[in-house]
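Asks:
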Amino acid sequence: MRIAMLGTGVVGRALAVELARRGDDVVMGTRDPAGPPADELAALLDEHPGVSLAAFPDAVDGAELVMLAVGGLHAIDVVAGIGDDALDGLVIIDVSNPLDFSAGFPPTLSVCNTSSLGEQVQAAVPSARVVKALNTVNVEVMVDPTSVGAGDHDLIICGNDADAKSEVASFLRERFGWESIIDLGDITAARGTEMYLALWLRMLAALGTSRFNIRIVK
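To convert a position in the sequence shown, counted from 1, into the numbering used here, add 4.
The structure is reproduced here in structure tokens:
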């Protein structure tokens, strides 16, 4: 599968490498392929021939799936800059969170309660099919749920398009091994999954590790 990975940070790199390792053709999108990220990514690109680098619009050209893994404060600018026409019909897995570190740590949310970044991404590119997923776990857990340790745990997704959510659930099971995936409903549920980050960050501090997740018991 040809996957556009929008973002070259820690999350984008880890996802790109794991997907390439599993046989996917991954194009990492960045603002300027000739800029500083290209130098930083040179070793990664050499080591993983299934990963390449391109400008954001070029990365999505011919993509079968898009993953949005940029910093939350830049997510809307990135998808709006690519344009609705270029993303028409494509599934976008929105991994981003609206974390604002301008006042230090722990960060606040740049949007919450009455909206969410997931909703804003969908509104910016209404012809795309946005599915919020993977934003409730750290990147090591995203690509390897077994890194948490013994026991089952859950991944939460949401989005407006039922078929897109089914495709994403199958993709996450096949590529990363996620077994329990809970669909919370339409994209407005991203308000809850993004606001969960406030609790996640406190648990990170208390537990001393980012390799944890939740299990829903009923």
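Even glycine gets a Cβ: it sits at the ideal position worked out from N, Cα and C.
Would you list, in sequence order, the uninterrupted beta strand (DSSP E) runs of no fewer than 3 residues that lie entirely inside the segment 64-110?
Replies: 69-72 and 95-98
Asks: In the DSSP assignment, what are the bridge partners of aspartate 136?
Replies: Correcting the residue type first, residue 136 is lysine in the shown sequence and not aspartate. For lysine 136, which the question treats as bridged, DSSP gives the partners Asp98 and Cys162.
Asks: Ignore the nearest five residues each way along the sequence and tell me which others in asparagine 164's own chain have a CB closer than 8 angstroms to its CB.
Replies: Gln126, Arg133, Val134, Asp190 and Ile191
Asks: Which one of Cys162, Arg179, Leu49 and Ala166 has the shortest CA to CA distance from proline 149?
Replies: Arg179
Asks: For valine 152, I'd like the list of residues in its chain whose CB is within less than 8 angstroms of its CB, leaving aside the five on either flank, ordered along the chain.
Replies: Val145, Arg215, Phe216 and Asn217, listed in sequence order.
Asks: Given that a residue counts as buried once 16 or more other Cβ atoms are within 10 Å of its Cβ, and exposed if not, what is phenylalanine 60?
Replies: buried
Asks: Could you tell me which of Leu23, Leu10, Cys116 and His78 sits nearest to phenylalanine 175, measuring between CA atoms?
Replies: Leu23
Asks: What is the C-beta distance between glutamate 68 and isoleucine 7, in whole angstroms, given that I count them as a contact (C-beta under 8 angstroms)?
Replies: 7 angstroms
Asks: Spell out the partners DSSP gives isoleucine 7 in its beta bridges.
Replies: When DSSP reads this structure, isoleucine 7 sits in a beta bridge with Val30 and Leu69.
Asks: Could you give the DSSP three-state label for arginine 186: helix, strand or coil?
Replies: As written in the sequence, residue 186 is isoleucine, which differs from the arginine given in the question. Isoleucine 186: strand per DSSP, three-state reduction.
Asks: Excluding five sequence neighbours on each side, which residues of the same chain lie with their C-beta closer than 8 angstroms to the C-beta of cysteine 116?
Replies: Cβ within range, chain order: Pro102, Arg195, Glu198 and Met199.
Asks: Should isoleucine 161 go down as buried or exposed, given a rule of 16 or more other Cβ atoms within 10 Å for buried?
Replies: buried
Asks: What are the boundary residues of the beta strand (DSSP E) that includes valine 55?
Replies: Per DSSP, valine 55 belongs to the beta strand (DSSP E) from 55-59.
Asks: Nearest CA to the CA of proline 40: which residue from Ser184, Leu201, Asp158 and Leu57?
Replies: Leu57
Asks: I need the boundaries of the alpha helix (DSSP H) containing glycine 122, first residue and last residue.
Replies: 121-128
Asks: Beta carbon of valine 99, beta carbon of leucine 138: below 7 angstroms?
Replies: yes
Asks: Between Asp156, Leu205 and Ala193, which lies nearest to glutamate 183 when the distance is taken from Cα to Cα?
Replies: Asp156
Asks: Looking at the structure shown, is threonine 150 part of a helix, part of a strand, or coil, going by DSSP?
Replies: helix
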